[in-house]
Amino acid sequence: MTLGHQSAAAPDKRATLTARLRLAPMAAAAASLALLAGCALTPALAGPAPSTTASAPVTTAPSPTVSPSASVSTSPSVSPSPSPTKTTPPDPLAGLSKKRRATFKACMKQTVRPGSSGTCTKLVIKELKAAGFYPWGSASYVSSTRGANAILNYQRSRGLDADGWVGKDTWIALAVKAPTVSKELPKTCYTKGVVLCVDQAHRRLLWLRNGKVIKTFKVRLGGYNEHAKTHKWRNFPTANGTWKVYDKQVNPVSETYGSGAMPYSTMFYPDMYVHYSPGFHSVGYAGSSHGCVNIGKLSDAQWIFKNTPIGAKVHIYSTKASA
């Protein structure tokens, strides 16, 4: 019985030993896992492992306080501009004597034109006479021929708008005795070949060849005149510009003025020729043309006619007053 009991106990011990041997590797593995888990969570940490029963609260660093930036205006800063100072324009008559200044100031706001009469009209004619543009007797009335064309010719000579009416600019020119404009020829006149340069300000035609002035002629230009058919009076200006001579006729026939009105015509533009004018020869600047360039001497018109070739340049210009 004893042997049997011992035999039964021996296998139990062996079974227990076997079980322990089987559990040993599992425990070692668990310990190794715990060790590995600890390295992964707390590398090189000395001392006991932290308690897992109560985890410490995680404290986060406070976010930096951002002060609101000053608002940036996208509109440009505009400083208020000072109120403009009102300046009084200079008096164009300031340099005149007290008497002359008062005389002209009384007429500055009046317009003298063909048909005008009275004190201011007398003043205009007096000043035109002094300037050499009214060679006839005294008058208190602006006629449609002498008076109106005297005003036109004066205005051209001073570089003003030539309309035959005395307004502010013409009043000032008369009052201050404005000088005539320059006689210098424009560059257009100094070109190769024959050029007829017509200077409206100084009432002259200059005949040039290859930039050299060969002859100078007095001329009469368009102005205040009566229409041959309608008999209405108006201004017939001579146009400024550059053209070429396209024809020459000794006695052209005009639908408006008939035959014989424009002898020895050097033609450069329809209804605008250089020609002899019996009217210019007889009454001079008391009248005007209807736009043509009048020559007062027959021999001069014949010379121009003979020596000016077809294709020659014709340049008509008006010199303006300097500012």
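Read left to right, the sequence shown gives residues -46 to -1, 1 to 277 (mature numbering (1 follows the signal peptide of the UniProt record, and there is no 0)). By construction, the Cβ of each residue, glycine as well, lies at the ideal position given by its N, Cα and C atoms.
Which of helix, strand or coil DSSP assigns to residue i
i, result
"N261", "helix"
"S231", "coil"
"K76", "helix"
"C151", "strand"
"Y88", "coil"
"T39", "coil"
"L159", "strand"
"M(-21)", "Reliability fails at M(-21), whose pLDDT of 42 lies under 50, so the model's placement of it is uncertain and no value is given."
"W187", "strand"
"D117", "coil"
"Y200", "coil"
"Y144", "coil"
"K59", "helix"
"Y239", "helix"
"E209", "coil"
Sheet register partners of residue i (DSSP bridge)
i, result
"M216", "Beta-bridge pairing links M216 to no other residue."
"G195", "I270"
"Q109", "Per DSSP, none; premise fails for Q109."
"I249", "V173 and Y230"
CA-to-CA distance, residue j to residue i, given in whole angstroms
i, j, result
"W125", "A102", "15 angstroms"
"R163", "V148", "4 angstroms"
"G113", "G214", "34 angstroms"
"N248", "R157", "10 angstroms"
"D254", "F171", "7 angstroms"
"H229", "L47", "42 angstroms"
"K63", "K169", "43 angstroms"
"A155", "T192", "12 angstroms"
"G233", "C246", "12 angstroms"
"S236", "L252", "12 angstroms"
"A132", "Y239", "21 angstroms"
"T220", "K198", "10 angstroms"
"E138", "R110", "15 angstroms"
"I258", "S51", "48 angstroms"
"W187", "V173", "22 angstroms"
Residue i vs residue j beta-carbon contact at 8 angstroms
i, j, result
"T273", "T196", "no"
"D153", "Y271", "yes"
"M216", "Y227", "yes"
"L106", "G177", "yes"
"V268", "L175", "no"
"D115", "N189", "no"
"S98", "T75", "no"
"V130", "T65", "no"
"G165", "T184", "no"
"S242", "N179", "yes"
"L82", "A60", "no"
Cβ contact (3+ pairs, closer than 8 angstroms) linking the segment 262 to 269 and the segment 187 to 205: Yes: the two stretches touch, three or more of their Cβ pairs being nearer than 8 angstroms.
Meets three-Cβ-pair contact criterion under 8 angstroms: the segment 64 to 84 and the segment 42 to 55: Proximity of the segment 64 to 84 to the segment 42 to 55 falls short of the contact definition, fewer than three beta-carbon pairs being nearer than 8 angstroms.
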